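*Asks:*
Residue numbers (this note's numbering): 883 to 1392.
(1) Judging by CA-CA distance, which residue of 1127, 1135, 1181 is the nearest neighbour of residue 1146?
(2) What residue does the alpha helix (DSSP H) around residue 1010 start on, and which one ends it?
(3) In terms of residues, what are the limits of the beta strand (DSSP E) holding residue 1308?
(4) Can you pull the DSSP bridge partners for residue 908?
(5) Could you have a look at residue 948 and say whether DSSP puts it in helix, strand or coil?
(6) On a Cα-Cα basis, can you pick out the residue from 1238, 1228, 930 that is closest to residue 1269?
(7) For residue 1174, tell me which candidate among 953, 1022, 1202, 1343 has the shortest Cα-Cα distance.
(8) In the DSSP assignment, find the alpha helix (DSSP H) that holds residue 1260 and state where it starts and stops.
(9) Report the start-end ranges of each beta strand (DSSP E) in the segment 1077 to 1107 that is 3 residues or longer and not cut off at the edges.
(10) With the cut-off set at 8 Å, would you say residue 1378 and residue 1357 are in Cβ contact?
(11) In whole angstroms, what separates the C-alpha of residue 1027 from that of residue 1063?
(12) Whole angstroms is fine: what's the gap from residue 1176's alpha carbon to residue 1350's?
(13) In angstroms, rounded to a whole number, what distance separates the CA positions of residue 1334 and residue 1355?
(14) If you draw a straight line from the C-alpha of residue 1315 to the C-alpha of residue 1322, how long is it?
(15) Please state if the CB of residue 1023 and the CB of residue 978 are separated by a distance shorter than 8 Å.
(16) What number of angstroms, rounded off, separates the C-alpha of residue 1364 from the C-alpha of residue 1336?
(17) Just to confirm, are residue 1144 and residue 1127 a CB contact at a threshold of 8 Å?
(18) Can you check DSSP and say which residues form a bridge with residue 1016?
(19) Taking the C-alpha atoms as reference points, what is the distance between residue 1155 and residue 1203?
(20) Check for me: the beta strand (DSSP E) holding residue 919 runs from which residue to which?
(21) So for residue 1332, helix, strand or coil by DSSP?
(22) Between which two residues does the alpha helix (DSSP H) carrying residue 1110 extend?
(23) Going by the beta-carbon positions, is the gap between residue 893 and residue 902 smaller than 8 Å?
(24) For residue 1152, which option in 921, 1118, 1359, 898 has the closest C-alpha, if you only look at C-alpha atoms?
(25) Pull up the distance between the alpha-carbon of residue 938 and that of residue 947, whole angstroms please.
(26) Does the segment 1251 to 1269 come within contact of the segment 1206 to 1213, defined as at least 3 CB pairs closer than 8 Å?
(27) What's the C-alpha gap between residue 1247 and residue 1318?
(28) Please state the DSSP three-state secondary structure of residue 1352.
(29) Assign residue 975 to one of three DSSP states: helix, strand, or coil.
(30) Nearest by alpha-carbon distance to residue 888: which of 1105, 919, 929 is it?
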């Protein structure tokens, strides 16, 4: 059988960066072909070449046996190539149906035939198992459904080849499983999928073949059934990678963080936190587990000064931080890795150098009064960029020009370098590759071993179990149990996350 798509010897350069260096990739009809590599390895660039967003300096693309000259995304779409980007390109104020038909609207005379559009959207959704509410506004639907809208947009335009760029980066475990079912349904109906990711468990679960990129070069293509996590990690990073967290036995000190009966409303004015209480000792990581949307986001926002609590207490070293401003909480040496790096972590149109001091920019040694010390800003960036392996190593680059994983490294570098007493890490490895995950995990454990208090919120249960000393499970705005991580399993936590209880108990109090 001949491939439906071939990319041969693709080379793409940017100023000072060789993003793709003589890369080859092929794809068969009905195949899920995973494209993996570290952040900055050139995965998204290669797919942007295929989708017509970049023109390669060298190389050829063949589709259904014909050599292509793709002059832009519209050319790719007309050929039957669709791309779902990591950061969705939807108009929040329009409905699901309006977003899907945008630019290809069915007409009745001079007017858009919205009823026909809704019928076509529902027909596609039923055919491919992509259930959506065609009349809902995009701003009112969850992230998982927004992703289905993006996939339906591509299918509506006749896509035979779908490029999914980091499709699971912002999904809950339940939504990820739903996406797998959708991908399998699409390939059963003859569609072909290129799946960009860095999550090794995902590629082993869903793909047929895997191509690995490292620093812009193609390292090799392997059959999924004939490989494993260890081999893939070595191909990605170029060295052995510790896939399991190795940590010393905890040496707990006094209670540093004390939260009592904390309550708060969500953005819709409904109770999101209901009398939440816990303590974190010096040298301890308390993990928070729960299906996303059960109060974790609001808890972190209250603890970091981004949301006002309605009741309760919040103390660090015995001093109250209850309803203090975000700036005062930062000045109390509370560091924060936010779950949404674009909304709360970065100013995308600022440079890497500026983002590395964001939130601390007004303090010495970076400023005196209203005057910035540019030499100190530059020295700070020059020290952190290599220490945290931020790529490209250019402090003048705009944050938006970096890959998602390297954007995350900027935040991690800034917050860890503060020397916090209390570290709040919310989804710290979301959108980060296997080598960087190992690095971030090690840094989190260093904070714990230096006697700091750490609150870890993650949708990845293996991450919560392996890093935490104790795990608090949230359900409908309450902590339903706090368990010893050494005795926790995904199955036991799953029962609690669904609102159940554990008979005989692995509870360890609060």
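From the three backbone atoms N, C-alpha and C, an ideal C-beta is built for every residue, glycine too. It should be emphasised that the depicted structure is a prediction, and the values quoted were computed from it without experimental measurement.
*Replies:* Well, looking at it:
(1) 1181
(2) 996 to 1010
(3) 1304 to 1308
(4) 888
(5) strand
(6) 1238
(7) 1343
(8) 1256 to 1269
(9) 1091 to 1096, 1099 to 1105
(10) yes
(11) 14 Å
(12) 20 Å
(13) 22 Å
(14) 10 Å
(15) yes
(16) 15 Å
(17) no
(18) Looking at the DSSP assignment, residue 1016 forms no beta bridge with any residue, so it has no partner.
(19) 17 Å
(20) From DSSP, residue 919 is part of no beta strand (DSSP E); its letter is neither H nor E.
(21) coil
(22) Here residue 1110 belongs to no alpha helix (DSSP H), and DSSP marks it neither H nor E.
(23) yes
(24) 1359
(25) 20 Å
(26) no
(27) 29 Å
(28) strand
(29) coil
(30) 929
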